[in-house]
Amino acid sequence: MSKVEERLKELGFELPPAPKPAAVYVPAVRTGNLVFISGQGVTYDGKPVMVGHVGQELTLEEGYKAAQICALNALAVLKQEIGDLDKVKRIVKVLGWVNSAPGFNKQPYVINGFSELMEKVFGERGRHARSAVTAHELPFDTPVEVEMVVEVEE
Amino acid sequence: MSKVEERLKELGFELPPAPKPAAVYVPAVRTGNLVFISGQGVTYDGKPVMVGHVGQELTLEEGYKAAQICALNALAVLKQEIGDLDKVKRIVKVLGWVNSAPGFNKQPYVINGFSELMEKVFGERGRHARSAVTAHELPFDTPVEVEMVVEVEE
Amino acid sequence: MSKVEERLKELGFELPPAPKPAAVYVPAVRTGNLVFISGQGVTYDGKPVMVGHVGQELTLEEGYKAAQICALNALAVLKQEIGDLDKVKRIVKVLGWVNSAPGFNKQPYVINGFSELMEKVFGERGRHARSAVTAHELPFDTPVEVEMVVEVEE
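Keeping their order, the protein sequence lines are chains A, B and C.
Number 71 in our numbering belongs to position 71 of the first sequence; there are no gaps in the numbering.
Number 201 in our numbering belongs to position 47 of the second sequence; there are no gaps in the numbering.
Number 413 in our numbering belongs to position 105 of the third sequence; there are no gaps in the numbering.
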C-alpha cells in the first residue's frame, strides 16, 4: 500500500472504485509529466451519493462532504492512471463547480472539502492553485464537480 | 489533404473557416507541445448557427449537433495553428459548457457531440479527459461553448 | 522596476498587494515553464472593490473595470511567484467568469478588461487563448473571476 493510501486510511477514508465516465471520454489523460483528471462528481461506483443544490436541498456542510467525495474519486482515477499515488509530485490546479442555489456565494468553503483532503494526504505536494465557481445546474444533479491537473514523476 | 480531413469528409463533415475571436484574444496559443484552443461557440464564419438554452428553445438532440459545430470550429482553429491536423498526438482535455434551461441536467449527452466527433476523427488519439458543465447564459446566446488542450508533435 | 511594471505605471495602474487565497489553496503553482494562477476576484488587499451581477447591479462598463482589477491581482500573484514580470514569455490561456444577470450575454466585452490590459502591458506576449463564460453567482458576490496559465522563462 502506498504511503498516500496509508495516510488516507489514517484519516478514515478509503479509495472508492475508480469512476467510469458517464459518457464518451476517458477518466484521465497524461501528457508529459502532467495528468489531466476529468470532472468528478459526487458518486460511489457510478451511483449518486448526494444530489441537489448547496444552499437549498443541501447545507454548506453537506457540500463540503460532497467535495470530499469528488476528491476520493479523483484520487481513485489518478491511481488507475499512474499506478501508485506516491508518484505524485504536485497537485497543480483544481477547478471546482458548486451546484448553487440562487444567492448562495460561499463556494470556496464547499470546495475546501476537496482541497483540505489533498493537503492532508499529500502535505506540501497537495497545495494547489484553484478556482471555485458555481453552476445553476450540474450533470445528473450532482452537487459538486471537480477536475484537476497533477504533476507526476517521470 | 490530411488523413484527418479525409476522415472528416467520409463522416460527412468539412472544416469551416477558422472562427475569428469575438473580442481581444487569439484563437489558439501553443506552449511546448501543448496547444490551448479558445472557447468555441456554435457559429459558422462568425455568424450564429443556433442560439438558446438546451432544454428550452433547443432539444438535447439539437444541443448535440451544436456541440458538433463547436468541434468543427475547434478543428479549424487547430489546423490554422499547427498547419496539419495529422500532427495531433492527443486530444488531452475538453471543457464544455451547455447553456442550460433550469432543471436540465443531461449536459454530458450534449457535449458527446463534441467528444464523439473527436473520437471518430482521431481514433484513440481523440479520447480525452473532460468536464461537462452548465451556464445559465452564454456569450451571444450560443447554446454550447467548448475549449480544449491538444498535444501535438514536436 | 521591471519593464512590465513601468509599462503598467505609464498606463496609470499599479500592482496591488498580492491577494491571499480566501480558503485552503495557494495563489499560484509552477510546473515546468507553466504557472497556473488561481481564480482572482475583484478585491483590493482582500476587500471587495465591487460586488453584484453585471447587467443588474453593475453595468457592462463597470464589469470591464472589474475585470481589469482581476488582471492586476493576477499580475501581483504572478510577480510574487516568479519574482520579475519581465520573465513572462507568454500569457497562454485565460478563463473568465462573469457574474451575470439573467439575459446578459455580452461576457466577452467584460473579460476584455482583463485581456486588453494584458496586451497593453506585455504586447505580443500578452495575446492569449481565452474562454469567457458566465456564472449565476460567484464567491462572495464578486462580479468577475479570472484564472490564467502563463509560460515563463526557464
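The C-beta atom is built at its ideal place from N, Cα and C for all residues, glycine as well.
Nothing here was measured: the structure is a model prediction, and the numbers come from that model.
Whole-Å CB distance - residue i paired with residue j, under 8 Å assumed
| i | j | result |
| --- | --- | --- |
| C/H444 | B/H290 | 5 Å |
| B/A221 | B/V264 | 6 Å |
| A/G96 | A/V144 | 7 Å |
First and last residue of the uninterrupted beta strand (DSSP E) at residue i
| i | result |
| --- | --- |
| A/Q68 | Not the beta strand (DSSP E): A/Q68 falls in the alpha helix (DSSP H), residues L60 to I82. |
| B/V189 | L188 to Q194 |
| C/K397 | V396 to N407 |
| C/E455 | V452 to V460 |
Residue environment, residue i, which counts as buried when at least 16 other CB atoms sit within 10 Å
| i | result |
| --- | --- |
| C/T367 | exposed |
| B/M160 | The question names Met, but residue 160 of chain B is Glu in the sequence shown. B/E160 comes out exposed. |
| B/K233 | buried |
| A/E153 | exposed |
| A/E61 | exposed |
| B/Y198 | exposed |
| C/K317 | exposed |
| A/L138 | buried |
| A/E81 | buried |
| C/G371 | buried |
| B/E301 | buried |
| B/P181 | buried |
| C/M358 | buried |
| C/P416 | buried |
| C/K311 | exposed |
Start and end residues, alpha helix (DSSP H) containing residue i
| i | result |
| --- | --- |
| B/G267 | Q261 to F276 |
| A/V26 | First-last for A/V26: undefined, no H or E at that position. |
| B/R284 | Note, B/R284: premise wrong, no alpha helix (DSSP H); beta strand (DSSP E) at A283 to A289. |
| A/L8 | K3 to E10 |
Interface residues of chain A facing residue i [CB-CB closer than 7 Å]
| i | result |
| --- | --- |
| B/E110 | Any question about residue 110 of chain B goes unanswered here, given that chain B covers just 155 to 308. |
| B/L169 | The contacting residues do not exist; B/L169 stays about 22 Å from chain A at best. |
| C/E455 | S131 |
| B/V246 | V29, T31 and F36 |
Contact set between residue i and chain B, taken where Cβ atoms lie within less than 7 Å
| i | result |
| --- | --- |
| C/Q415 | P293 |
Per-residue contacts from residue i into chain C (C-beta, under 7 Å)
| i | result |
| --- | --- |
| B/I191 | A437 |
| B/A182 | A437 |
| A/E151 | T339 |
Interface partners of residue i on chain C, CB under 8 Å
| i | result |
| --- | --- |
| A/A132 | A331, G347 and P447 |
Interface partners of residue i on chain B, CB under 9 Å
| i | result |
| --- | --- |
| C/P410 | H290 and E291 |
| C/L342 | T185, G186 and L188 |
Contacts of residue i in chain C (Cβ-Cβ under 9 Å)
| i | result |
| --- | --- |
| A/N112 | A331, V332 and Y333 |
| A/E119 | V332 and Y333 |
- Do three or more CB pairs link the stretch 398-406 of chain C to the stretch 429-439 of chain C at distances below 8 Å? Segments in contact, yes.
- Message: Within 8 Å, do at least three Cβ pairs link the stretch 374-388 of chain C to the stretch 347-359 of chain C?
- Response: Yes, since at least three Cβ pairs between the stretch 347-359 of chain C and the stretch 374-388 of chain C fall closer than 8 Å, the two stretches touch.
- Is the stretch 14-23 of chain A touching the stretch 259-270 of chain B in the sense that three or more CB pairs, one from each, lie closer than 8 Å? Result yes; three or more Cβ-Cβ pairs closer than 8 Å.
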